[in-house]
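First to last, the sequence lines map onto chains A and B.
According to my numbering, the first sequence is numbered sequentially starting from 7.
According to my numbering, the second sequence is numbered sequentially starting from 10.
All C-beta atoms, glycine included, are put in the ideal place defined by N, C-alpha and C.
This one's a predicted model, so the numbers in the text were calculated from it and none came from an experiment.
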Amino acid sequence: MAVYINLPTLDVDFIKPQRMSFDTPGGGMEGGRNSLGEGITIGLSGGPMIAGAFENCWVQAPEEHEYANWIAARMNGSFRFMVVPFLTDWMGPFPVLSGYPPVPQPIINGIPHSDGALFADGAGYSQATVFGTFAQSAALNAGQIVVNVYGATRDLRHSDWMSTYHSVKGWRAWRYWECSDPADVSETVDGVSYSGKQYTLAIDVPLRQAVEAGQRIELARPRCVMKFPAGFTMPWEAEGFWQSRPSMRFVEAF
Amino acid sequence: MVPAGVIAALRGSHQLGIFFRLDLDPDPLRLWLGINDIPAGIESVDATTQETYLGGGILQDVPMLEAVLNGVADRAEFIVSGIEPATMARWNLDEVKVRGKAFHVGITTLDDYYQPMSAVVPMITGRASRITEAMPPVTGTDSPTVTLALSVGFGITTRDRTSQALWSPVHHKAAHPGDRFCDGTARMERGAPVTWPKF
Chain A
7 MAVYINLPTL DVDFIKPQRM SFDTPGGGME GGRNSLGEGI TIGLSGGPMI AGAFENCWVQ
67 APEEHEYANW IAARMNGSFR FMVVPFLTDW MGPFPVLSGY PPVPQPIING IPHSDGALFA
127 DGAGYSQATV FGTFAQSAAL NAGQIVVNVY GATRDLRHSD WMSTYHSVKG WRAWRYWECS
187 DPADVSETVD GVSYSGKQYT LAIDVPLRQA VEAGQRIELA RPRCVMKFPA GFTMPWEAEG
247 FWQSRPSMRF VEAF
Chain B
10 MVPAGVIAAL RGSHQLGIFF RLDLDPDPLR LWLGINDIPA GIESVDATTQ ETYLGGGILQ
70 DVPMLEAVLN GVADRAEFIV SGIEPATMAR WNLDEVKVRG KAFHVGITTL DDYYQPMSAV
130 VPMITGRASR ITEAMPPVTG TDSPTVTLAL SVGFGITTRD RTSQALWSPV HHKAAHPGDR
190 FCDGTARMER GAPVTWPKF
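So, in structure tokens, the structure goes:
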């Protein structure tokens with residue numbers, strides 16, 4: 007049985023893609039004509055799957071070459087998986103905190119211990135600024151979910167990417183295409199009381215596994231278990247001065 | 010009987026779910042032509058309408074299915090590809106288990122939220138006669154997938170495929186060297202009086 011959990015996460019900040027794309031292709035076919043002569047379409051896949059790409063990543067330093075080779079070595083052949091984060095930093099409902107440039111910040115880094123000390127290498131804890139929970143349990147293949155969202159600087163309205171960590175199917179992402187008006191909600195999550203908004207969302211990728219009420223939803227850098235598409239490989243290439251601009255494509259892992 | 014809501018959906022652009030059910034013992038093999046696993050059921054044969062139908066991938070050969078639905082073919086091969094090998098491993102499919110089992114193909118439409126709009130409506134019922142399970146060797150960048158072909162007979166005029174081999178005295182001797190127990194069977198079949206051998 008393919009294993010979708012306990013996988014490494016692609017460090018998208020380190021590979022510095024110049025271009026990214028995420029898509030939800032589904033299988034549809036031309037379904038003939040109706041009595042008015044208009045063509046109809048038949049969707050046969052019961053919901054889409056996720057496909058994505060990071061293109062023209064920046065690779066020059068030895069460590070970057072190491073990392074690119076690790077990705078290729080792990081993923082070539084399309085049968086091993088990894089967790090791929092979606093760069094939703096710019097469009098998500100994230101707060102604009104201090105600093106320049108004033109960009110939305112999905113994750114706060116450098117949080118010290120309670121005594122103000124950082125780790126020995128200067129790093130601190132990190133925490134998502136916006137997160138959510140399932141307000142109600144939902145069944146396998148559910149296309150409508152009720153969620154609570156905490157810390158958002160705007161209401162959910164058109165579409166946002168989200169993901170959750172299933173116990174068997176691992177990280178799975180979706181975005182919504184229909185959103186109810188927000189309702190106020192308060193909830194205690196891990197001992198901390200949060201106030202936020204509750205929404206009923208219609209999602210474009212149905213749930214891959216049933217979820218319980220209270221299960222955490224990630225809006226900051228949502229992620230999905232992905233593999234390389236069949237037939238795709240990522241070669242190790244380098245030009246003068248050891249520059250390399252590798253591109254990688256992903257499809258949802260099954 | 011197809012519910013009116015499903016018929017209305019079929020008149021326009023819609024999402025179609027095609028479901029296969031093979032009545033294996035003890036657990037039926039349930040597949041449907043979608044990506045995700047889905048809770049669904051055929052009311053007349055499934056205990057509930059919330060049985061898990063496994064996502065079997067995209068139908069490889071759509072015209073074949075059409076031919077059967079229109080009643081043209083009395084024997085058909087259903088070919089489904091793209092099944093994950095681990096999924097298939099959950100059923101120990103061999104011919105003895107499959108042969109003669111009831112086989113249903115049903116449809117229903119899915120609503121905007123990917124939920125079946127009704128219980129699965131069985132369109133055709135047949136009897137399975139043999140299954141072909143193939144996992145071609147994969148090289149390089151290909152993913153291993155299983156292609157499952159099921160030969161199914163429909164109606165009363167069906168042609169059938171035998172699964173029996175002729176058990177000859179030679180076979181018996183191969184398993185039990187020197188045993189002449191079956192030596193007389195060929196003559197017995199012709200109606201010749203057989204002298205029972207003295208050992």
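Among the options, the one whose alpha carbon lies nearest that of residue i
i	options	result
A/Val217	A/Glu193, A/Asn147, A/Ser165, A/Ala259	A/Asn147
A/Ala208	A/Val153, A/Ser120, A/Arg25	A/Val153
A/Tyr246	A/Ala67, A/Val9, A/Pro23	Before going on, a small fix: residue 246 of chain A reads as Gly here, not Tyr. Closest option to A/Gly246, Cα to Cα, is A/Ala67.
B/Lys207	B/Pro178, B/Arg189, B/Asp34	B/Arg189
B/Ser53	B/Leu40, B/Gly64, B/Asp32, B/Trp41	B/Asp32
A/Arg80	A/Trp248, A/Arg251, A/Trp242, A/Gln249	A/Trp242
A/Pro54	B/Lys106, B/Ile51, B/Arg139, B/Asn45	B/Asn45
B/His23	B/Phe112, B/Thr57, B/Leu40, B/Asp121	B/Asp121
A/Asp29	A/Leu42, A/Ile56, A/Tyr10, A/Gly37	A/Ile56
B/Asp34	B/Phe112, B/Lys106, B/Met197	B/Lys106
A/Glu72	A/Pro31, A/Tyr200, A/Trp248, A/Gly128	A/Trp248
A/Ile48	B/Gly26, B/Thr194, B/Glu198, B/Thr148	B/Gly26
A/Glu184	A/Gly149, A/Arg214, A/Gly32	A/Gly149
C-beta neighbour in chain B for residue i, strict 9 Å
i	result
A/Gln249	no
A/Asn12	no
A/Asn147	yes
A/Met168	no
A/Pro54	yes
A/Arg39	no
A/Ser25	Looking at the sequence provided, one finds Arg at residue 25 of chain A rather than Ser. No, because no Cβ of chain B sits closer than 9 Å to the Cβ of A/Arg25.
A/Leu50	yes
A/Gly58	no
Residue i versus residue j: straight-line alpha-carbon distance, rounded
i	j	result
A/Gly237	A/Glu193	46 Å
B/Pro72	B/Val203	Annotation note: pLDDT 46 at B/Pro72 (below 50); position unreliable, no value reported.
B/Pro125	A/Ala244	51 Å
A/Leu225	A/Trp167	7 Å
A/Gly34	A/Phe234	22 Å
A/Ala141	B/Met144	42 Å
B/Pro37	B/Tyr62	10 Å
A/Lys175	A/Ser27	23 Å
A/Met97	B/Lys110	54 Å
B/Pro12	B/Ser127	7 Å
B/Ile165	B/Gly64	At B/Ile165, the pLDDT of 48 sits below 50, so the modelled position is not reliable; the number obtained from the coordinates is stated separately. So the two alpha carbons sit approximately 31 Å from each other.
A/Ala145	A/Thr139	15 Å
A/Asn122	B/Leu40	According to the sequence as given, residue 122 of chain A is Gly; it is not Asn. Roughly 57 Å between the two C-alpha positions.
B/Thr57	B/Pro131	15 Å
Cβ separation of residue i and residue j, assumed to be a contact under 8 Å, to the nearest whole Å
i	j	result
A/Val89	A/Val231	6 Å
A/Phe100	A/Pro107	Between A/Pro107 and A/Phe100 the Cβ distance is about 14 Å, and since that is not below 8 Å, they are no contact.
A/Trp180	A/Val211	4 Å
B/Ala158	B/Phe87	7 Å
A/Thr170	A/Arg222	7 Å
A/Gly202	A/Tyr156	4 Å
B/Val161	B/Glu142	Not confirmed; about 15 Å, so no contact.
A/Asn82	A/Thr239	5 Å
Any C-beta of chain A under 9 Å from that of residue i
i	result
B/Leu119	yes
B/Leu157	no
B/Ser160	no
B/Ile249	Residue 249 of chain B lies beyond the stretch modelled for chain B, which goes from 10 to 208, so this question has no answer here.
B/Thr61	yes
B/Asp70	Because the pLDDT of B/Asp70 is 49, which lies under 50, any placement of that residue in the model is unreliable, and the number read from its coordinates should be weighed accordingly. Not an interface residue.
B/Pro12	no
B/Pro48	yes
B/Arg30	no
B/Arg136	no
B/Trp41	yes
B/Ser215	Given that chain B is displayed from residue 10 to residue 208, the structure contains no residue 215 of chain B and the question cannot be resolved.
B/Ser22	yes
B/Leu38	no
B/Ile133	no
B/Ser127	no
B/Leu25	yes
B/Arg196	no
B/Ile140	no
B/Gly64	yes
As assigned by DSSP and simplified to three states, the class of residue i
i	result
A/Val153	strand
A/Tyr106	coil
A/Tyr73	helix
B/His23	strand
B/Ile44	coil
A/Ile56	coil
B/Val257	Outside the displayed span of chain B (10 to 208) sits residue 257 of chain B, for which this structure offers no information.
B/Val179	helix
B/Thr194	helix
B/Pro145	coil
A/Trp64	coil
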